[in-house]
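Asks: Below you will find the structure I want to go over with you.
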Amino acid sequence: MKIRDLKWLFGRNSEFWPTNIKTGMWAWIGHRITGLVLVVYVFMHLSFLSTASISSGDFNSLMEVTSKPLFVAMDFVLIIAVIFHAMNGFRVIMFDLGLGVRHQKLVFWIAMAIAAILIIGGLWALWDIIFVPSEGGG
Amino acid sequence: MPDQRIATTKVAGTWAWFFQRLSAVLLVVFLGIHLYASHFMDLGEHESGESLISFDDVTLRLDQVFYIVVDYGMLSMVLVHGLNGLRTVLFDFDMFVKRKKYIDVGLWMVGIVTLIWGIVILFPFITGG
Ligand code: HEM
Numbered sequence: 000m001k002i003r004d005l006k007w008l009f010g011r012n013s014e015f016w017p018t019n020i021k022t023g024m025w026a027w028i029g030h031r032i033t034g035l036v037l038v039v040y041v042f043m044h045l046s047f048l049s050t051a052s053i054s055s056g057d058f059n060s061l062m063e064v065t066s067k068p069l070f071v072a073m074d075f076v077l078i079i080a081v082i083f084h085a086m087n088g089f090r091v092i093m094f095d096l097g098l099g100v101r102h103q104k105l106v107f108w109i110a111m112a113i114a115a116i117l118i119i120g121g122l123w124a125l126w127d128i129i130f131v132p133s134e135g136g137g
Numbered sequence: 000m001p002d003q004r005i006a007t008t009k010v011a012g013t014w015a016w017f018f019q020r021l022s023a024v025l026l027v028v029f030l031g032i033h034l035y036a037s038h039f040m041d042l043g044e045h046e047s048g049e050s051l052i053s054f055d056d057v058t059l060r061l062d063q064v065f066y067i068v069v070d071y072g073m074l075s076m077v078l079v080h081g082l083n084g085l086r087t088v089l090f091d092f093d094m095f096v097k098r099k100k101y102i103d104v105g106l107w108m109v110g111i112v113t114l115i116w117g118i119v120i121l122f123p124f125i126t127g128g
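Put into structure tokens, the structure is as follows:
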């Protein structure tokens, strides 16, 4: 692959140059990135569990570690990725069904508003664990 | 690029498109049950006043066939959806379109092996450790 073959990706006139990217394109990029992040997460999840499901001691000590604020903060990042991906996914499915096709931008912002509410709900649920230190030193 | 992307939708196929949507909708259902069951529902566990999910909590939950079906169903759907999504991404690149057969066989193998792996991971809980 030659450098100039990548002009469609990095060139100033490419549709990927930040100022050339329109709302729908940002949605697509975000959907793709979150989708790939979630695939990586699934495999990490299985790896962790496979080392811990053998005995009750292993499992409980893994839960001990993963309930530390840093890990729960990472859970929150996971929540953001899933919610964005799912809300935009619904938008894609709507268009496939022929719903709202003429108002894609509006539908995007409605989906993002719902996503924001759900994400705030998630933050509210995790707030104490992430930010309030526990007696045990977290 | 745009015309290439339309072309790759043809590469991926209508079934891939259909199952991507079907698995997405099922995932939302499974995720809802999963979140509720693991973090909000009270199974009468946590008797020790301990708020962490313990090995025994999971064993208790997986005593019910319903949750075994939910867990394995969610695993299957996540693999169908995730790997199929990865396939879509790969087929946006010519170098992978040219090797379509290998990609397909490879992703099927990854999927089946991971499914078996995931099924086995839960055995200790199902048999009660
Ligand atoms: C929670 C519910 C979910 C919904 C509603 C959803 C919805 C969708 C939809 C509709 C698509 C197709 C987009 C298109 O063809 O343009 C898609 C693509 C994708 N999804 Fe999901 N998804 C969900 C969860 C997940 C999870 C858990 C993963 C990871 C295992 C994942 C990974 C992917 C990937 C990698 C793609 C391909 C991205 C692309 O083609 O750019 N999704 N999702």
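Chains as they are written, first to last, in numbering that gives the first Met the number 0: chain B, 0 to 137; chain H, 0 to 128. No residue lacks a Cβ here, since even glycine has one placed at the ideal position from N, Cα and C.
#1: Under 8 Å between beta-carbons, which chain B residues line up against H/D55? List them in chain order, please.
#2: Identify, in the order they occur along the chain, each residue of the same chain with its Cβ nearer than 7 Å to the Cβ of H/F18, setting aside the five sequence neighbours on each side.
#3: Is there a Cβ of chain B sitting closer than 8 Å to that of H/A36, yes or no?
#4: Under 7 Å: does the beta carbon of B/F89 sit that close to some heavy atom of ligand 1?
#5: Any beta carbon of chain H sitting closer than 8 Å to that of B/F70?
#6: Between B/A124 and ligand 1, is the CB less than 7 Å from at least one heavy atom?
#7: Could you give the first and the last residue of the continuous alpha helix (DSSP H) run that contains H/M94?
#8: Could you say which of H/T13, H/L51, H/M108 and H/F65 lies nearest to H/I32 if we only look at CA atoms?
#9: Apply the 10 Å Cβ neighbour rule to B/R101 and answer buried if 16 or more other Cβ atoms are within range, or exposed otherwise.
#10: If we require 4 or more residues per run, which alpha helix (DSSP H) segments fall completely within the segment 13 to 69 of chain H?
#11: What first and last residue would you give for the alpha helix (DSSP H) that runs through B/D127?
#12: Please return the same chain residues whose Cβ sits closer than 8 Å to the Cβ of B/V13, not counting the five positions on each side in sequence.
#13: Cutting at 7 Å between CB atoms, please list the residues of its own chain near H/F92, excluding the five before and the five after it.
#14: For H/L61, count neighbouring C-beta atoms within 10 Å of its own C-beta (all shown protein chains included) and say buried if the count is 16 or more, exposed if not.
#15: Answer yes or no: does any C-beta atom of chain B fall closer than 8 Å to that of H/V112?
#16: Please report how far the alpha carbon of B/F83 lies from the alpha carbon of B/V39, in whole angstroms.
#17: Roughly how many angstroms separate the alpha carbons of B/I119 and B/T22, rounded to a whole number?
#18: Check distances from the C-beta atoms of the segment 11 to 33 of chain H to those of chain B and list, in chain order, the residues that come in under 7 Å.
Replies: To lay it out plainly:
#1: S55
#2: V79 and N83
#3: no
#4: yes
#5: no
#6: no
#7: D93 to V96
#8: Of the candidates H/T13, H/L51, H/M108 and H/F65, the residue whose Cα lies closest to the Cα of H/I32 is H/F65.
#9: exposed
#10: 13 to 34 and 54 to 60
#11: Q103 to F130
#12: Reading off the sequence, residue 13 of chain B comes out as Ser, not Val. The answer, listed in chain order, is K6, W7 and N19.
#13: none
#14: buried
#15: no
#16: 16 Å
#17: 23 Å
#18: R20, A23 and V27
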